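Protein chains in written order, with our numbering: chain A, 290 to 476; chain B, 2 to 320.
Glycine included, each C-beta is placed from N, C-alpha and C at the ideal position.
None of these values were measured; they are calculated from a predicted model.
Here's the structure we're looking at; comments come further down.
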């Protein structure tokens with residue numbers, strides 16, 4: 290049987306907007322009036338999602354949370370396996386991490402390995418008081434004991450499918466797709 | 002940032018010269034170095050990336066800055082480092098470079114950083130060994146990581162190297178730093194001049210695409226970057242110019258002479274400096290000087306090179 294080339298839209302632009310708004314209100318509910326909460330996005334889509342969440346939370350709480358960027362490349366566990374090393378980009382956490390409450394933000398939670406790397410990277414900056422995890426999509430198949438505290442959309446997938454998250458900041462429009470292994474992209 | 006270079010990835014086993022690198026490869030190293038710079042500003046100046054890798058620095062010529070810089074770079078990536086300098090090694094008992102290297106290879110290092118007085122020595126090792134080889138200076142030929150850190154420093158200050166005018170002043174003939182920088186800056190779109198007395202400028206250097214000047218003021222007129230090279234007093238005095246004092250008078254960078262440069266021009270020096278010979282203290286410590294930033298960036302560039310080489314193929318699984 291040929292590989293599945295299909296494509297399913299999991300969230301369109303308004304779906305993404307609603308999911309982010311819901312996550313923001315959950316965060317605000319759990320941390321009422323906590324201006325020292327900070328959002329740290331995992332490169333690349335996590336950055337945009339963190340900034341949008343900060344904006345939504347500001348609309349609810351009137352508080353502008355600080356945001357940071359983390360690049361987990363140097364902490365990955367699949368580096369040095371006969372492939373060229375991926376390009377490393379900057380980590381920018383412009384505030385002290387010690388004793389802060391921090392929410393890590395990523396687009397997709399899959400095996401949990403990226404989250405593990407991000408936690409290690411974050412701990413090298415200090416000792417946060419608390420770390421939570423917010424993801425736009427949780428697609429299952431965890432390989433590590435990691436779970437998200439805030440989830441935009443939970444979806445069951447098969448391991449060989451891919452979840453593609455497109456953000457307006459990078460690609461012009463918000464969209465989340467589930468595609469089969471044979472999917473060749475849009476022509 | 003070039004997405005093309007990133008997709009192509011880094012496939013070289015060794016870093017032997019700037020001459021062999023493409024513009025995209027140079028860009029990839031500099032972009033990576035920019036990202037690595039932040040690590041050295043953290044409280045915990047270490048990432049786990051090269052855990053379990055072994056880096057040997059093998060130096061047949063004296064060096065403090067370069068060797069230390071490589072060692073710090075490797076340690077900040079969590080690699081294990083071993084330093085071998087000739088005075089304490091079997092070389093004094095007559096072992097050849099290749100034998101030394103094969104013996105080291107037998108202990109399975111991942112990267113060997115070599116400084117040697119013979120041009121081409123790193124290439125010979127690179128062919129013979131499974132480990133990656135980094136040229137940390139070979140004779141008068143090249144010193145690629147120095148040129149990379151110089152390019153990084155200028156790019157950081159000026160945004161880009163494209164269209165800049167670089168003047169390299171001093172002993173071009175005996176300078177691997179000059180040669181690597183000429184190749185590098187030219188590839189990145191800068192114009193390069195070399196300035197010095199006739200005895201210290203090799204014949205035919207114009208074939209590398211540089212302009213030659215024997216008058217300092219003329220040579221640095223309008224330059225965006227002026228790079229002073231070290232006068233290797235032990236090697237040169239008497240034979241190539243009459244005295245240090247005379248050299249300082251005609252080719253030393255002083256505040257007075259530097260009025261010829263473009264406004265906001267940068268002053269660079271690869272170190273170690275002979276204050277009062279090729280550069281006066283007020284210039285070395287003055288506002289345009291980026292000499293210590295060169296040293297800071299040296300660690301970032303070497304981290305980038307170690308990172309990229311450790312991820313490259315080991316030759317056998319190419320294609």
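Among the residues of chain A, those whose CB is under 8 Å from the CB of residue 309(B) are 373, 374, following chain order. Residue 176(B) counts as buried, since no fewer than 16 other beta carbons sit within 10 angstroms of its beta carbon. Going by beta carbons, residue 392(A) and residue 423(A) fall inside the 8 Å limit. Proximity to residue 416(A) across 239(B), 12(B), 45(B), 162(B) peaks at 45(B), based on C-alpha coordinates. In terms of Cβ geometry, residue 202(B) and residue 213(B) form a close pair [threshold 8 Å]. For the beta strand (DSSP E) assignment, the uninterrupted runs of no fewer than 3 residues enclosed by the stretch 52-88 of chain B are, from N- to C-terminal side, 55-60, 81-86. In the three-state reduction of the DSSP assignment, residue 312(A) falls in the helix class.
Taking C-beta separations shorter than 6 Å and ignoring five residues to either side along the sequence, the partners of residue 85(B) in its chain run 59, following chain order. At a Cβ-Cβ threshold of 8 Å, residue 141(B) and residue 114(B) do not count as neighbours. With respect to chain A, the C-beta atom of residue 49(B) has a partner C-beta closer than 8 Å.
For residue 414(A), the residues of chain B that pass the 8 Å Cβ criterion are 43, 44, 45, in the order they occur in the chain. At a cut-off of 8 Å, the C-beta of residue 37(B) has a neighbouring C-beta in chain A. Residue contact check for residue 32(B) against chain A: a CB pair falls below 8 Å.
Going by DSSP, residue 159(B) is part of the alpha helix (DSSP H) stretching over 145-159. Under DSSP, the beta-bridge partners assigned to residue 136(B) are 115(B). If you look at residue 178(B), you'll find it isn't in any beta strand (DSSP E); it sits in the alpha helix (DSSP H) that goes 177-188. Boundaries of the beta strand (DSSP E) harbouring residue 268(B): 267-269, taken from the DSSP string. For residue 214(B), the enclosing beta strand (DSSP E) begins and ends at 212-214. Close CB contacts of residue 443(A) within its chain, under the 7 Å cut and outside five residues either way in sequence, are with 427 (chain order). At a cut-off of 8 Å, the C-beta of residue 171(B) has no neighbouring C-beta in chain A.
Judged by DSSP in its simplified three-state form, residue 290(B) adopts strand.
Linking residue 236(B) to residue 340(A) through their CA atoms gives a straight-line distance of about 59 Å. Distance from the CA of residue 355(A) to the CA of residue 310(B), rounded to the nearest whole angstrom, comes to 36 Å.
At least one beta carbon of chain A lies nearer than 8 Å to the beta carbon of residue 29(B). Within the same chain, and ignoring the five residues on either side of residue 299(B) in sequence, the residues whose Cβ sits closer than 6 Å to its Cβ are 70, 150.
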